[in-house]
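In this note's numbering, the protein residues as written are 813 to 940.
Working notes, structure below.
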């Protein structure tokens with residue numbers, strides 16, 4: 813993560829010992845916690861993908877949740893796909909919003925828009 817970037821979170825996360833980690837359910841009672849970066853929290857091992865993982869039992873987790881990062885732009889809620897230092901890439905499946913905002917259709921029924929970070933927008937995280 814470069815300086816000034818927000819940490820975009822989307823997907824399944826777990827609360828473990830007061831910290832939030834990206835996670836995957838491996839079996840009904842076993843989850844894999846995942847940490848990107850070059851430093852591992854205690855008890856995590858480096859995987860072949862270069863990230864760090866730790867297997868934990870479901871009952872050791874405080875909470876499992878879905879997190880979705882949204883961008884509010886011109887009064888519309890859009891899903892944040894990607895972000896770098898200069899721009900955000902957002903998407904929606906709503907044709908009405910896509911046409912209103914002049915978004916590009918990607919051929920999969922989704923509309924995509926690249927926003928400059930100098931434009932006015934708000935980033936929100938939704939938890940389910």
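We put the CB at the ideal spot given by N, CA and C, even for glycine.
Model, not experiment: these values are computed from the prediction.
Beta-carbon proximity of residue i to residue j, cut-off 9 Å
{"i": "residue 856", "j": "residue 864", "result": "yes"}
{"i": "residue 841", "j": "residue 871", "result": "yes"}
Where the alpha helix (DSSP H) containing residue i begins and where it ends
{"i": "residue 911", "result": "907-912"}
Unbroken beta strand (DSSP E) run spanning residue i, endpoints
{"i": "residue 866", "result": "864-869"}
{"i": "residue 894", "result": "888-895"}
{"i": "residue 826", "result": "823-828"}
Buried/exposed call for residue i, threshold 16 Cβ in 10 Å
{"i": "residue 910", "result": "buried"}
{"i": "residue 861", "result": "exposed"}
{"i": "residue 845", "result": "buried"}
{"i": "residue 839", "result": "exposed"}
{"i": "residue 939", "result": "exposed"}
{"i": "residue 915", "result": "buried"}
{"i": "residue 927", "result": "buried"}
{"i": "residue 925", "result": "buried"}
| query | How do the region 893-907 and the region 868-880 stand: do at least 3 beta-carbon pairs fall below 8 Å, yes or no? | reply | no
| said: Would you call the region 881-893 in contact with the region 901-919, where contact means no fewer than 3 C-beta pairs closer than 8 Å? | reply: yes
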